[in-house]
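What follows is a short report on a single structure.
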Amino acid sequence: MSRVLLAWVVPGLVAAAAFVGGDAASDRARSVRPEDPNVGVSYLPTSEALKLVSMGYENVVADALWLRTVTYYGAWAKGDHGLDFFRELTHRVVDLDPWFVEGYKFGAFVLADDLDRMDEAHALLAKGSERMPNNWEFPFNRGLLEYTVRLDDREAARWFREAADTPTAPEMAHRFAAFVSSRAGDLEKAYALWRFVAETTPNPDMRAKAEEYMEELAAAIEGTGPVPEWATRRRVINGRVQKDGDV
Amino acid sequence: MKILAIARNTFREAVRDRIFALVGAFGVVLMASTIVLSPLSVGAQQKLVADIGLAGISIFAVLVVLFVGSGLVHKEVDKRTIMTLLSKPVSRMEYLLGKYLGLLITIVAMMAMMTVLFALALVVTGTQFEWAYLLSIGLTLCEMILITAVVIFFSSFTGPLLTALFTMGIFISGRMLSDLLDFAHVTENPVMANTVNVLRNVLPNLDLFDVRTAAVHGFPIEAGHVLWAVVYMALYSIGLVIAAEFVFRRREFK
Chain A
375 MSRVLLAWVV PGLVAAAAFV GGDAASDRAR SVRPEDPNVG VSYLPTSEAL KLVSMGYENV
435 VADALWLRTV TYYGAWAKGD HGLDFFRELT HRVVDLDPWF VEGYKFGAFV LADDLDRMDE
495 AHALLAKGSE RMPNNWEFPF NRGLLEYTVR LDDREAARWF REAADTPTAP EMAHRFAAFV
555 SSRAGDLEKA YALWRFVAET TPNPDMRAKA EEYMEELAAA IEGTGPVPEW ATRRRVINGR
615 VQKDGDV
Chain B
5 MKILAIARNT FREAVRDRIF ALVGAFGVVL MASTIVLSPL SVGAQQKLVA DIGLAGISIF
65 AVLVVLFVGS GLVHKEVDKR TIMTLLSKPV SRMEYLLGKY LGLLITIVAM MAMMTVLFAL
125 ALVVTGTQFE WAYLLSIGLT LCEMILITAV VIFFSSFTGP LLTALFTMGI FISGRMLSDL
185 LDFAHVTENP VMANTVNVLR NVLPNLDLFD VRTAAVHGFP IEAGHVLWAV VYMALYSIGL
245 VIAAEFVFRR REFK
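Chains as they are written, first to last, in this note's numbering: chain A, 375 to 621; chain B, 5 to 258.
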């Protein structure tokens, strides 16, 4: 009995105590760490360095960074920290896996809509277009951002036309090019665009956001709710600046 | 027949060493990643499952080649069983080919099991199966056949630690060969450029066997590419086994 005690029970108890103690120490260390507005991303090697060390497994490293990007964004949405590293994270993901279209789309959307960095969003999508010139989704998403975030119909129509001109473009891109160039009511156009996003994106964050906008727009169209604040911002239509209510 | 007998014995030894426990580890990694990580992958579930599955098969196969292959000859030298074996009418080439084949059978069995687990993960996550995945796994097998020849070559004249280190070095540099070529193009140092150019002809170009990205993103994989990769693997492996026999023939066992 005493032999069993010495061989199994005592070491087992010591090990368990060590694990519990280690966990408590880790919690304590975390609680006294100086506050960092970008907790979670303290160091990000360059894309070239990451490619070199991944030894042909770039896709898996890209996946790991993608998960990091998504959780980083999620923590920001909860108010845990800033989004200063978001652009860098997104670029690393698409540099390691240049054909990961969703990475460009989600990254550009967050940069434009959440961070108000439209130029960086365009740059990210332009990078995708450079790597996949025949992919209609990049110009299409640039149009989408112009229409829904910057509220510039003329630019949006230009990008939708460019998307429609790519050899792989579905009928949808042609429809939107014509749609945005037409004089249809803005709220209906916006609703249709967001519905397209909600129906086509595999990204639940994007879908949730699109559905939220659709709900607001539907209420405004039916007259049961106010026109959303983001839709009443000043916009550029056909080259001249005017208020949304003027349309 | 002698080759097959040695191969069978090598395979049995690998099984006895519980090498197939690695398959279990692969299964746990794959299932955990699909169950835990997939919901977090936000629109990239199919890509994530395929990436991890295909890369996992490659990584675990390399580990087996390194850990089993590096001690393959040394273990017999250490136990002196090699002397008993070579005192029989077994040529050194037959001995090496038997070891090589045995290790390949182990790799094929392991990769087959991992492929089944991968297919299971695809079913569990509702991810669409693509024939290109099988093609990618096939080319990974070709890569392993070549790396096994590398490990056989080094194990014919060095100990297990050096064999593992050298093979690892060849694997890493073979994977980074395209970066080396880029470096040769941009460097202004002619000595460096010439050295790199020599290296590119000596080191195996393992990039040829990596079609994982194309398989995952649905890009076409040219039949010509696959064919030439297989030819390259066959020629390079034959060359290495012949070189291994050349060195092994001159080795004396006391």
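Quick reminder that beta carbons are idealized off the backbone N, C-alpha and C, glycines included. Bear in mind the structure is a predicted one, so any value in this text is a computation, not a measurement.
Where does residue 454 of chain A fall in DSSP's three states?
coil
| Cα-Cα, which of B:91, B:24, B:44, B:110 is closest to residue 13 of chain B? | B:110
Review point. Are the C-beta atoms of residue 180 of chain B and some chain A residue less than 8 Å apart?
Key: yes
Output, in chain order, the set of chain B residues within a Cβ distance shorter than 8 Å of residue 426 of chain A.
180, 183
- Query: Between the C-alpha atoms of residue 610 of chain A and residue 117 of chain B, what's the straight-line distance to the nearest angstrom?
  - Reply: Residue confidence for residue 610 of chain A is low, a pLDDT of 44 falling below 50, so the modelled location carries little weight; the figure read from the coordinates is stated next. Cα-Cα distance, rounded: 60 Å.
With residue 70 of chain B and residue 144 of chain B assumed to form a contact (beta carbons below 8 Å), what rounded beta-carbon distance in angstroms separates them? That pair is no contact at about 15 Å.
At the level of alpha carbons, what is the spacing between residue 108 of chain B and residue 9 of chain B? 14 Å
ask   = Looking at C-alpha atoms only, which residue of A:576, A:428, A:449, A:475 is the closest neighbour of residue 507 of chain A?
value = A:475
Can you confirm whether residue 441 of chain A, when its beta carbon is compared against all beta carbons of chain C, has any partner nearer than 8 Å? Considering every chain present, this structure includes no chain C. Its protein chains are A and B.
**OP:** Give the straight-line distance between the Cα atoms of residue 61 of chain B and residue 99 of chain B, rounded to the nearest whole angstrom.
**Re:** 28 Å
Can you pull the chain B residues whose beta carbon is under 8 Å from the beta carbon of residue 434 of chain A, in chain order?
55, 56, 59
- Task: Sort A:581, A:600, A:599, A:595 by Cα distance to residue 46 of chain B and report the nearest one.
- Result: A:581
Report task. Leaving out five residues on either side along the sequence, give the residues of the same chain with a beta carbon under 8 Å from the beta carbon of residue 157 of chain B. Result -> 244, 245, 247, 248, 251
- Item | Same chain only: Cβ atoms within 8 Å of residue 132 of chain B, ignoring 5 sequence neighbours per side | 50, 126
Between residue 507 of chain A and chain B, is there a C-beta pair that is closer than 8 Å?
no
Q | Cβ-based contacts, 7 Å cut-off: residues of the stretch 569 to 586 of chain A near chain B | A | 575, 576, 577, 578, 579
Cβ of residue 444 of chain A within 8 Å of any chain B Cβ:
yes
- Confirm, please, whether the CB-CB distance from residue 203 of chain B to residue 178 of chain B is below 8 Å. no
Exercise. What does DSSP give as the partner residues of residue 401 of chain A in its beta bridges?
Worked result: None, per the DSSP bridge assignment.
Residue 148 of chain B and residue 54 of chain B - do their beta-carbons sit closer together than 8 Å?
no
Problem set entry | Rounded straight-line distance, which links the Cα of residue 478 of chain A to that of residue 599 of chain A | 34 Å
| message | I need the DSSP call for residue 55 of chain B, collapsed to helix, strand or coil. | response | helix
Can you give the Cα-Cα distance for residue 520 of chain A and residue 529 of chain A, rounded to whole angstroms?
6 Å
Backbone secondary structure at residue 20 of chain B - three-state DSSP:
helix
| said: Could you check whether the Cβ of residue 44 of chain B sits closer than 8 Å to any Cβ belonging to chain A? | reply: yes
Worksheet item: Hey, is residue 240 of chain B's beta-carbon within less than 8 Å of any beta-carbon in chain A?
Response: no
Residue 39 of chain B - containing alpha helix (DSSP H), residue span | Per DSSP, residue 39 of chain B belongs to no alpha helix (DSSP H) and is neither H nor E.
Separation of residue 87 of chain B from residue 78 of chain B, as counted between CA atoms
12 Å
Query raised in the report: In or out: residue 141 of chain B buried (at least 16 other Cβ within 10 Å) or exposed?
Result: buried
How is the alpha helix (DSSP H) around residue 223 of chain B delimited, first residue to last? Taken as a continuous stretch (DSSP letters only), residue 223 of chain B belongs to no alpha helix (DSSP H), as it is neither H nor E.
Please classify residue 254 of chain B: is it buried, with 16 or more other beta-carbons within 10 angstroms of its beta-carbon, or exposed? exposed
Just mark residue 472 of chain A as buried or exposed, buried being the case when its beta carbon has 16 or more other beta carbons within 10 Å.
-> buried
Notebook entry, point to check: Would the stretch 184 to 202 of chain B and the stretch 216 to 230 of chain B be scored as touching if the rule is three or more Cβ pairs under 8 Å?
Noted result: no
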